[in-house]
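Just so you know, the sequence shown maps onto residues 213 to 387 in the working numbering. Structure record follows, encoded as structure tokens.
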Amino acid sequence: MRYVVLFCLMLFSGALAGNGDSLEIYKWQKFNSFGFNASSVSGLGLSYRYHAVGPNLVMLSGGIVSSNDWVAASLGAEYQYEISEREDLRYYLAIGGGLYYTEDEVYDGFSPEPVTSMDTDFHLGVGVGFEYPFLGSSIFRNMTVGLTLYYPAIYFNNSGTNIGMGVGAYFFYNF
């Protein structure tokens, strides 16, 4: 785990360092975002974000996936506190949580008919993340991609509680 975090920090250290020669004062901008979030902590599916004037951002995610005898749904939220004061890159501290539900028809070996298995999990995590413009050079009015690493991530489920690492990746259009 320690090596993964060190590798990510070294990989993005040049981008995170910024330009120390600039005396320009950063102006916070308010924006909305719509896109897709895939996170082991804060939900999977379509997402909406609101970035207030200042360093605060709130994200809501949710989705449903279904096949013949299987259904999965999630609903999550995340709060991000932006550390960067740049227009070409965002990095932030994050805290998130999500409710994950799965329903599956399984054969238990005792009955000729399938038995419905339902699981509900609740996930919490604290982490760091970054966001980078996909097209162009500014975060604002642009498509962006990002990654959030959660450690610790706490997974509460029917069989107990597990603590581990979580990850989230997203793609947004900011307007």
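Heads up, the beta-carbon is just placed ideally off N, CA and C, and yes, glycines get one too.
For ALA306, the nearest candidate out of GLU325, ASP320, ASN249 and TYR291 (CA to CA)
The sequence position of residue 306 within the sequence shown is 94, counting from 1. Taking only the C-alpha atoms, the option nearest ALA306 is TYR291.
Checking 8 angstroms against the spacing of the C-beta atoms, do LEU269 and SER286 come in under that value?
By one-based count along the sequence shown, residue 269 stands at place 57. By one-based count along the sequence shown, residue 286 stands at place 74. No, the pair does not count as a contact, with Cβ atoms beyond the cut-off.
Three Cβ pairs or more, each shorter than 8 angstroms: is that satisfied between the region 291-302 and the region 324-337?
no
Can PHE384 and GLY257 be called in contact, C-beta distance under 8 angstroms?
Taking the first residue of the sequence shown as position 1, residue 384 is located at position 172. Taking the first residue of the sequence shown as position 1, residue 257 is located at position 45. Not closer than 8 angstroms, so no.
Relative to the C-alpha of ASP281, which residue among TYR293, VAL327 and GLY288 is closest?
Within the sequence shown, residue 281 is the residue found at index 69, counting from 1. The shortest C-alpha separation from ASP281 is found at VAL327.
So SER252 and SER273 are in contact, right, with Cβ under 8 angstroms, and what is the actual spacing, rounded?
Along the sequence shown, one-based indexing puts residue 252 at 40. Along the sequence shown, one-based indexing puts residue 273 at 61. About 12 angstroms separates the two Cβ atoms, so there is no contact after all.
Which residue's Cα is closest to the Cα of ARG261: SER323, VAL338 and ASN244?
Locating residue 261 in the sequence shown gives position 49, where the first residue counts as 1. Taking only the C-alpha atoms, the option nearest ARG261 is ASN244.
Going by other Cβ atoms of all chains shown within 10 Å of its Cβ, with 16 needed for buried, is TYR367 buried or exposed?
Mapped onto the sequence shown, residue 367 falls at position 155. Its Cβ being crowded by 16 or more others within 10 Å, TYR367 is buried.
7 angstroms CB neighbourhood of PHE387 in its chain, flanking five on each side removed:
Here the question's residue 387 lines up with position 175 in the sequence shown. Cβ within range, chain order: PHE243, ASN244 and ARG353.
Is it right to say LEU347 is buried, meaning 16 or more other beta carbons lie within 10 angstroms of its own, or is it exposed?
Against the sequence shown, residue 347 aligns to sequence position 135. So LEU347 ends up on the exposed side.
Return the chain-ordered list of same chain residues with a C-beta closer than 6 angstroms to the C-beta of GLY337, the five sequence neighbours on each side being excluded.
In the sequence shown, residue 337 corresponds to position 125, counting from 1. Excluding positions up to five away in sequence, the list reads VAL253, GLY308, TYR362, ALA365 and GLY378.
Can you tell me which of the three DSSP states ILE155 falls into?
No information on residue 155 is available, as it lies outside the stretch 213 to 387 that the chain covers here.
Going by DSSP in three states, ASP300 sits in which element: helix, strand or coil?
Taking the first residue of the sequence shown as 1, we reach residue 300 at position 88. Note: ASP300 maps to coil in three-state DSSP.
Using DSSP with H/G/I as helix, E/B as strand and the rest coil, what is ILE307?
Here residue 307 refers to the residue found at position 95 of the sequence shown. Of the three classes helix, strand and coil, the one that applies to ILE307 here is strand, per DSSP.
Out of ILE375, VAL277 and ALA381, state which residue places its alpha-carbon closest to the alpha-carbon of THR360.
Along the sequence shown, one-based indexing puts residue 360 at 148. With distances taken between Cα atoms, THR360 lies closest to ALA381.
N- and C-terminal bounds of the beta strand (DSSP E) containing ILE375:
Position 163 of the sequence shown, counting from 1, holds the residue named residue 375. Counting along the chain, the beta strand (DSSP E) containing ILE375 begins and ends at 372-386.
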